[in-house]
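Have a look at this one:
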């Protein structure tokens with residue numbers, strides 16, 4: 218079958234679904250998107266090329282689909298039809314587990330009855346979201362957590378903490394907690410997936426029982442045949458459509474967990490998150506204060522290595538001692554260099570839960586004094602890791618040769634594996650810190666943080682790539698043959714350029730772009746009220762006071778559902794403090810209730826005809842679906858510029874200025890445009906919605922860059938109110 222025949226057949230499948238689904242209306246924009254998806258996937262050459270000397274054809278479509286287009290149907294129906302025709306699979310990656318579950322439990326099941334043949338689909342999560350039954354079994358019976366015996370904090374700036382009087386009681390509570398999990402698992406009331414627990418455990422409670430790779434012996438484990446994680450992997454092998462998330466997509470490249478990227482159809486939904494995910498995925502950090510784990514790992518490795526007769530353990534004491542000394546030297550030298558800056562920051566020491574202070578390495582050039590200790594750390598971490606790999610290999614061999622000893626050996630494997638990620642983190646971080654950028658290239662961002670932990674200080678070092686596009690080009694796009702990237706916000710100020718640069722697709726000849734407008738009549742359905750203040754937004758105190766006064770006046774007029782989005786917690790706190798008594802009963806504040814409960818209470822109030830107003834931060838500005846009366850008013854207190862002290866953003870701006878470029882125009886404004894479009898997108902969710910959007914930041918209508926931001930928003934009817 219030719220590429221055009223594949224495309225025609227896939228588009229026909231989409232049209233058949235639309236026609237056979239009751240209540241669906243054909244939308245021109247949705248059809249245009251489906252056609253682009255079909256053409257793109259038909260053009261891509263998948264699998265092993267017939268001519269090994271020829272470069273296989275790649276095809277990547279970047280599609281912005283406005284709210285209401287129905288993008289999940291527009292990409293899934295033609296992609297699945299194409300995969301069936303070509304004998305391949307569809308891999309859908311989205312931003313969060315919640316969005317994955319929406320696709321798997323709602324969108325795809327609704328599509329299946331209308332397809333020409335049955336299709337299997339599965340949800341893919343990282344193994345850390347599943348329970349390890351062997352770990353849970355031991356902890357539920359009162360066994361020691363592998364991490365408990367090294368958890369006492371030993372700090373460079375203070376002695377190890379004494380055991381807390383309540384430690385015994387806390388341990389008893391933990392045993393009860395794990396026992397209840399084991400009971401639920403054994404009775405079938407729980408399936409071993411963290412996300413299906415009725416009450417989500419804190420990270421420190423879940424971590425000891427998570428099925429992490431470093432502590433997993435796979436098929437050698439005595440509970441392998443009943444392992445929740447490997448049962449889910451079987452589902453993935455049998456599925457023709459796999460729904461993953463961006464973190465898993467990037468972290469599993471080359472790991473054979475997901476379909477091979479050169480032989481599947483890749484859909485990246487909520488693609489505007491991909492660059493940020495890439496930065497966090499390839500960033501690293503190391504703790505320079507709490508180093509007791511090094512001795513504990515060395516002790517375990519020596520003991521276990523002797524049991525399985527590994528020769529390489531002879532080098533472990535030297536590597537451990539030298540690694541610890543190198544990190545201690547690095548910490549002391551870093552405090553000599555950056556201590557005054559870290560300790561002098563206004564927020565340092567102001568509260569026990571104050572955020573850490575930061576000191577960035579200018580230009581990404583590590584001071585000469587720090588090169589030697591981090592070089593030593595990288596060398597000895599690498600040698601230590603080589604010994605751990607030899608022990609792990611010997612343990613797996615012993616399990617294979619002595620199945621009766623598998624349970625004991627698996628527990629030994631887990632003891633080493635529990636601390637190995639820390640060693641790998643030190644190794645990766647030291648290597649990135651020591652990297653010098655080639656001429657003309659962007660250096661990595663490097664910085665130190667200092668935090669208060671109890672009575673002592675905690676110093677950490679961090680390193681991160683600065684350009685997400687470079688990382689994505691190197692790790693992802695070199696392997697992908699056919700892909701569709703889509704979201705409601707991929708253009709910035711009306712152009713795709715910024716997203717293409719951030720995602721590593723700028724200048725790629727395989728890339729095509731398409732913007733599909735929303736079917737909504739924004740001029741009729743929505744009004745953008747630009748309410749100006751006398752104070753400049755940069756004058757934080759005066760602006761906040763004036764903004765809060767205007768906001769409270771407007772909130773008094775709310776009759777149904779409303780959402781107020783703040784750019785800082787201090788802003789939100791000021792607004793809450795000044796609420797008049799008559800409004801307090803209508804306000805729901807992010808953080809005071811679990812998100813699900815807060816939204817349920819909001820819906821109940823609106824359904825009862827009562828006003829309900831949500832106060833939220835950045836995370837409520839995206840992905841929140843409040844149609845109709847649930848959000849008739851949206852209030853944006855200030856333009857959502859990124860925090861000014863982001864070290865990666867600072868490093869990138871520094872590099873742009875050094876190259877004679879303007880970081881505000883080239884980086885800050887486009888990123889803000891995408892964020893603002895997401896915020897505004899909370900207002901109109903259906904063709905029947907009517908909403909007012911209020912913005913109290915006069916820069917939106919008074920500045921040139923404000924006009925650029927406006928050009929990227931839906932064409933609401935604009936009302937201006939001068940101060």
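Residue numbers (our numbering): 218 to 940.
Every residue gets a Cβ at the ideal spot worked out from N, C-alpha and C, and that includes glycine.
Would you tell me roughly how many angstroms separate the C-alpha atoms of residue i and residue j, rounded to the nearest one?
i, j, result
"residue 930", "residue 651", "43 Å"
"residue 759", "residue 355", "58 Å"
"residue 596", "residue 518", "18 Å"
"residue 313", "residue 410", "15 Å"
"residue 315", "residue 490", "14 Å"
"residue 469", "residue 429", "13 Å"
"residue 603", "residue 515", "13 Å"
"residue 635", "residue 402", "23 Å"
"residue 727", "residue 691", "16 Å"
"residue 616", "residue 628", "11 Å"
"residue 637", "residue 511", "10 Å"
"residue 582", "residue 642", "20 Å"
"residue 739", "residue 907", "9 Å"
"residue 837", "residue 350", "35 Å"
"residue 873", "residue 420", "38 Å"
"residue 398", "residue 358", "12 Å"
"residue 221", "residue 259", "7 Å"
"residue 712", "residue 732", "10 Å"
For residue i, count neighbouring C-beta atoms within 10 Å of its own C-beta (all shown protein chains included) and say buried if the count is 16 or more, exposed if not.
i, result
"residue 709", "buried"
"residue 439", "buried"
"residue 380", "Note that residue 380 has pLDDT 49, beneath the 50 cutoff, so the model's placement of it is unreliable and no number is given."
"residue 584", "exposed"
"residue 926", "buried"
"residue 854", "buried"
"residue 520", "exposed"
"residue 802", "exposed"
"residue 682", "buried"
"residue 753", "exposed"
"residue 288", "buried"
"residue 936", "exposed"
"residue 393", "exposed"
"residue 839", "buried"
"residue 333", "exposed"
"residue 322", "exposed"
Would residue i pass as a contact of residue j if the rule is Cβ separation under 8 Å?
i, j, result
"residue 948", "residue 626", "Lying outside 218 to 940, the shown extent of the chain, residue 948 is not represented and no answer is given."
"residue 466", "residue 475", "yes"
"residue 484", "residue 292", "yes"
"residue 555", "residue 446", "no"
"residue 647", "residue 663", "no"
"residue 285", "residue 903", "yes"
"residue 257", "residue 276", "yes"
"residue 847", "residue 823", "yes"
"residue 462", "residue 310", "yes"
"residue 298", "residue 230", "yes"
"residue 660", "residue 580", "yes"
"residue 251", "residue 338", "no"
"residue 201", "residue 592", "A question about residue 201 goes unanswered here, because the residues of the chain that appear run from 218 up to 940."
So for residue i, helix, strand or coil by DSSP?
i, result
"residue 379", "Confidence in residue 379 is poor, its pLDDT being 45 and thus under 50, which makes the residue's placement too unreliable to answer from."
"residue 695", "coil"
"residue 664", "strand"
"residue 743", "strand"
"residue 931", "coil"
"residue 646", "helix"
"residue 461", "strand"
"residue 807", "strand"
"residue 305", "coil"
"residue 577", "strand"
"residue 630", "helix"
"residue 228", "helix"
"residue 673", "strand"
"residue 258", "helix"
Please check the pair residue i and residue j, which I expect to be a contact at CB under 8 Å, by giving their CB distance rounded to whole angstroms.
i, j, result
"residue 180", "residue 781", "Outside the shown range of the chain (218 to 940) lies residue 180, about which nothing can therefore be said."
"residue 743", "residue 910", "6 Å"
"residue 717", "residue 279", "7 Å"
"residue 857", "residue 870", "17 Å between Cβ atoms; not a contact."
"residue 228", "residue 698", "Incorrect: roughly 20 Å between the Cβ atoms, too far for contact."
"residue 503", "residue 677", "7 Å"
Using a beta-carbon distance below 8 Å, is residue i in contact with chain B?
i, result
"residue 234", "Although the question refers to chain B, the structure presented lacks it and comprises just one protein chain."
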